């Protein structure tokens, strides 16, 4: 467990010593503007962005300490990184390219300036890797805990935008990567936290679990997927990112496209380490994939005619297909039983399993 | 004092009863898109905005309960309204026109669904009056209190953008409206709160103080100023909104424009009710105008040649002029003493007065 959440740091500068402006200046230095569309970044009443012939996509997400993250095991750099990534994922889910972010941070005085700087290190790392510019934000105090609110802005050609609506019967349902890892990473961290809290001399044993831990603590957004699809000349008919769990996302696509879907249990891509951990935790991988969430993979539908283009591509798995609305959204189990997907129902099942 | 902050409402629906999606759906209904640039609002992974030949301006502000507002005397509708207005003010300060907002809200379970809906009523009222579209957001739980983070997006022709930089020696320093009202409204509310807390049967007497209360609780952004300036064919050389106090804003303009300024105490516009209250509270109006903040007026510099165009305009007051950097930023008192402006210094003076 890391103990770096508060004033237990080796270095400790109280936030009050810097003042609001001193802190903002310090935090936002070393954020070069790399996108031509970023005309003016931090330092005026507002940032100025030039989108020209592109359309602008905008999304926002708020992460709250104790609700979305636990600083007992989340290092501040990873928190900053993840806070950016979850927003960028929404831009990719529109088939867009993220270009700018604004970051608002509320912190209580139990955090040191050094701790906040580490969060910004993570934000900076994400900006570098995803080539987005930090162009604005706000830093303020809170009476308890840490809250990060990020808005991401991206651009996309009008003809390339992919909404949640647009799926039609006979389309194929496709997902990138694999599912359930982030949720199992969380289970593992929670278990090790309990062990640690029972005996502070116990250091957690997390060896061999690198994959699920990375999926939970430092997830990546699928920047590559819109690029790969463009190269394959495939434009999805609908798309969403997997933040709440496969079941919930399928229901979103169904509702907004006015269709039903068949999901095949035996097709859901699961990493071997997730299988292993599910056994340990007495969970089923299907439940975890359906309701775990935070995978930040992209879930999309494609026209049946595009099947040959993505067939065998290691980035994608066809997990089902689109049917008429009347049929609803159903999971077809390994023994060919149809089970109606309900975000709530699967959530309840997951809890019963725990 | 109003008691409507928590579960003391006549109607009370626990947030948990609605669930996240139910609540978001409920809150974001009745938000019609009125700007042609709003292609897609709430309901997909991201909003889609089309700026075409305009430049996009983006700003974000976070309001934290206990830090930026006190629910003992701030009605939820006003809170929602003000949270939008403070962001729009930053867009007008770029000489832009706001077109979209996203709203993120973190709430603890001490708030009812009805209370959150009242906040959204205020947000809706601001959207109507300022003709902006709510296009996205996030609603999440918090462990304590209420946090609102809003991002405002606007548009402006490239040739019309006004930055904080651009002021030059001999320019005139101009402010819209009058200053210090919001701060005195806060003093009044804090006083009445103390009275109420000492004796719960005492109802506050706020009659005759409508102006300063409105300035604090339901401020307006100066939507009209960019329009008036355009009609007068005046383009400011620099501009900022007065959120932290006149002194701090003057220092921002000086720093970013590389100039000094002379501010004349006898020119600072003060409402008669602010004079009266300052006497009651034993504060000087100049101190309150310089350091009070939250006035959301626009402070700008214009070329000396434009003086005739704004002379006598009831919306504007010339309060000083721009000088060389070497001279620094100084207040010239009524008896012609020069006092160096420092955000910190005046802040300290204000506290000493209290």
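Chains as they are written, first to last, in my numbering: chain V, 77 to 430; chain Y, 77 to 430.
Where a beta carbon is used, it is the ideal one built from N, C-alpha and C, also for glycine.
Since the model is a prediction, treat every value here as computed from it, not as a measurement.
Which listed residue (the options) has its alpha carbon closest to that of residue i
{"i": "residue 291(V)", "options": "262(V), 202(V), 299(V) and 269(V)", "result": "262(V)"}
{"i": "residue 213(V)", "options": "166(Y), 123(Y) and 362(Y)", "result": "166(Y)"}
{"i": "residue 367(V)", "options": "301(V), 258(V) and 207(V)", "result": "258(V)"}
{"i": "residue 329(Y)", "options": "190(Y), 313(Y) and 112(Y)", "result": "313(Y)"}
{"i": "residue 163(V)", "options": "121(Y), 89(Y) and 244(Y)", "result": "121(Y)"}
{"i": "residue 136(Y)", "options": "349(Y), 102(Y), 306(Y) and 178(Y)", "result": "178(Y)"}
{"i": "residue 246(Y)", "options": "231(Y), 381(Y), 144(Y) and 273(Y)", "result": "381(Y)"}
{"i": "residue 105(Y)", "options": "128(Y), 149(Y), 156(Y) and 211(Y)", "result": "211(Y)"}
{"i": "residue 327(Y)", "options": "415(Y), 405(Y), 389(Y) and 308(Y)", "result": "405(Y)"}
{"i": "residue 388(Y)", "options": "209(Y), 107(Y) and 250(Y)", "result": "250(Y)"}
{"i": "residue 114(Y)", "options": "118(V), 133(V) and 100(V)", "result": "133(V)"}
{"i": "residue 123(V)", "options": "129(V), 191(V) and 228(V)", "result": "228(V)"}
{"i": "residue 386(Y)", "options": "311(Y), 267(Y), 408(Y) and 338(Y)", "result": "311(Y)"}
{"i": "residue 252(Y)", "options": "315(Y), 407(Y) and 238(Y)", "result": "315(Y)"}
{"i": "residue 377(Y)", "options": "215(Y), 244(Y) and 369(Y)", "result": "244(Y)"}
{"i": "residue 204(Y)", "options": "340(Y), 384(Y) and 156(Y)", "result": "156(Y)"}
{"i": "residue 151(Y)", "options": "199(Y), 128(Y), 111(Y) and 112(Y)", "result": "199(Y)"}
{"i": "residue 168(V)", "options": "304(V), 102(V) and 192(V)", "result": "304(V)"}
Rounded C-alpha distance that separates residue i from residue j
{"i": "residue 79(Y)", "j": "residue 260(Y)", "result": "Any reading at residue 79(Y) must be qualified, since the residue scores a pLDDT of 47, below 50, and its modelled position is unreliable; the value itself is stated next. Distance between the alpha carbons of residue 79(Y) and residue 260(Y): 22 Å."}
{"i": "residue 85(Y)", "j": "residue 265(Y)", "result": "The predicted position of residue 85(Y) is uncertain, since its pLDDT is 46 and thus under 50; a value taken from the coordinates is nonetheless stated next. Cα to Cα, the separation comes out at about 22 Å."}
{"i": "residue 418(V)", "j": "residue 324(V)", "result": "7 Å"}
{"i": "residue 374(Y)", "j": "residue 279(Y)", "result": "35 Å"}
{"i": "residue 184(Y)", "j": "residue 182(V)", "result": "16 Å"}
{"i": "residue 55(V)", "j": "residue 207(V)", "result": "Limits of chain V in this structure are 77 at one end and 430 at the other, which puts residue 55(V) out of reach."}
{"i": "residue 175(Y)", "j": "residue 275(Y)", "result": "46 Å"}
{"i": "residue 298(V)", "j": "residue 130(Y)", "result": "30 Å"}
{"i": "residue 349(V)", "j": "residue 397(V)", "result": "27 Å"}
{"i": "residue 345(Y)", "j": "residue 399(Y)", "result": "21 Å"}
{"i": "residue 48(Y)", "j": "residue 281(Y)", "result": "An answer regarding residue 48(Y) cannot be provided, because it is not within the stretch 77 to 430 covered by chain Y."}
{"i": "residue 424(V)", "j": "residue 365(V)", "result": "Low per-residue confidence applies at residue 424(V): pLDDT is 39, beneath 50, and the placement is therefore not dependable, though the value from the model is reported in the following sentence. So the two alpha carbons sit approximately 14 Å from each other."}
{"i": "residue 82(V)", "j": "residue 395(Y)", "result": "Confidence at residue 82(V) is low in this model, with a pLDDT of 49, below 50, so the placement of that residue should be treated as unreliable; the coordinate-derived value is given next. Cα to Cα, the separation comes out at about 46 Å."}
{"i": "residue 232(V)", "j": "residue 393(Y)", "result": "44 Å"}
{"i": "residue 201(Y)", "j": "residue 195(Y)", "result": "10 Å"}
{"i": "residue 230(Y)", "j": "residue 240(Y)", "result": "17 Å"}
{"i": "residue 301(V)", "j": "residue 403(V)", "result": "30 Å"}
{"i": "residue 356(Y)", "j": "residue 215(Y)", "result": "42 Å"}
{"i": "residue 341(Y)", "j": "residue 285(Y)", "result": "24 Å"}
{"i": "residue 107(Y)", "j": "residue 307(V)", "result": "38 Å"}
{"i": "residue 427(Y)", "j": "residue 191(V)", "result": "Note that residue 427(Y) scores 37 on pLDDT, short of 50, meaning its location in the model is unreliable; the coordinates nonetheless yield the value given after this. Answer to the nearest angstrom: the Cα atoms are 30 Å apart."}
Range of the contiguous beta strand (DSSP E) that encloses residue i
{"i": "residue 228(V)", "result": "222-232"}
{"i": "residue 46(V)", "result": "No information on residue 46(V) is available, as it lies outside the stretch 77 to 430 that chain V covers here."}
{"i": "residue 340(V)", "result": "336-340"}
{"i": "residue 361(Y)", "result": "Counting along the chain, residue 361(Y) falls outside any beta strand (DSSP E), though it belongs to the alpha helix (DSSP H) covering 361-367."}
{"i": "residue 344(V)", "result": "Taken as a continuous stretch (DSSP letters only), residue 344(V) belongs to no beta strand (DSSP E), as it is neither H nor E."}
{"i": "residue 325(V)", "result": "Segment 322-333 is the alpha helix (DSSP H) holding residue 325(V); no beta strand (DSSP E) there."}
{"i": "residue 213(V)", "result": "209-217"}
{"i": "residue 136(V)", "result": "131-140"}
{"i": "residue 377(V)", "result": "374-378"}
{"i": "residue 370(V)", "result": "Premise fails: residue 370(V) is in no beta strand (DSSP E) and is neither H nor E."}
Close beta carbons around residue i, own chain, < 7 Å, minus the five adjacent residues each side
{"i": "residue 142(Y)", "result": "221"}
{"i": "residue 189(V)", "result": "89, 91, 94 and 99"}
{"i": "residue 237(Y)", "result": "131, 170 and 171"}
Close beta carbons around residue i, own chain, < 6 Å, minus the five adjacent residues each side
{"i": "residue 293(V)", "result": "154"}
{"i": "residue 224(V)", "result": "139, 159 and 181"}
{"i": "residue 371(V)", "result": "255, 258 and 318"}
{"i": "residue 109(Y)", "result": "117 and 209"}
{"i": "residue 411(Y)", "result": "none"}
Segment limits, alpha helix (DSSP H) that includes residue i
{"i": "residue 88(Y)", "result": "No alpha helix (DSSP H) holds residue 88(Y); DSSP gives it neither H nor E."}
{"i": "residue 297(Y)", "result": "Segment: none, residue 297(Y) is in no alpha helix (DSSP H) and carries neither H nor E."}
{"i": "residue 204(Y)", "result": "189-206"}
{"i": "residue 260(V)", "result": "257-274"}
{"i": "residue 397(Y)", "result": "Where residue 397(Y) is concerned, there is no enclosing alpha helix (DSSP H), although the beta strand (DSSP E) it sits in stretches over 392-399."}
{"i": "residue 155(V)", "result": "152-168"}
{"i": "residue 384(V)", "result": "383-386"}
8 Å CB neighbourhood of residue i in its chain, flanking five on each side removed
{"i": "residue 429(Y)", "result": "With a pLDDT of 35 at residue 429(Y), under the threshold of 50, the predicted position of this residue should be treated as unreliable, though the coordinate-derived value follows. Taken in chain order, the residues that qualify are 358, 359, 360 and 363."}
{"i": "residue 343(V)", "result": "393, 394, 395 and 396"}
Check: residue i C-beta below 7 Å from any heavy atom of the ligand PLP
{"i": "residue 236(Y)", "result": "You won't find the ligand PLP in this model; it holds no ligand whatsoever."}
Mind checking the stretch 234-261 of chain V against chain Y and listing, in chain order, the residues whose C-beta falls within less than 7 Å of any C-beta there? 237, 239 and 240
Residues of the stretch 110-123 of chain V with a CB closer than 9 Å to any CB of chain Y: list them in chain order, please. 113, 115, 116, 119, 120, 121, 122 and 123
Members of the stretch 386-409 of chain Y near chain V, C-beta cut-off 7 Å: none
Closer than 7 Å between beta carbons: that is the criterion. Which residues of the stretch 190-219 of chain V meet it against chain Y? 211, 212, 213, 214, 216, 217, 218 and 219
Along the stretch 125-159 of chain Y, where does the CB come closer than 9 Å to a CB of chain V? Name the residues. 125, 126, 127, 128, 129, 130, 131, 132, 133, 134, 135, 136, 137, 138, 139, 140, 141, 142, 143 and 144
Could you run through the stretch 326-337 of chain Y and flag, in chain order, every residue whose CB is less than 8 Å away from some CB of chain V? 332
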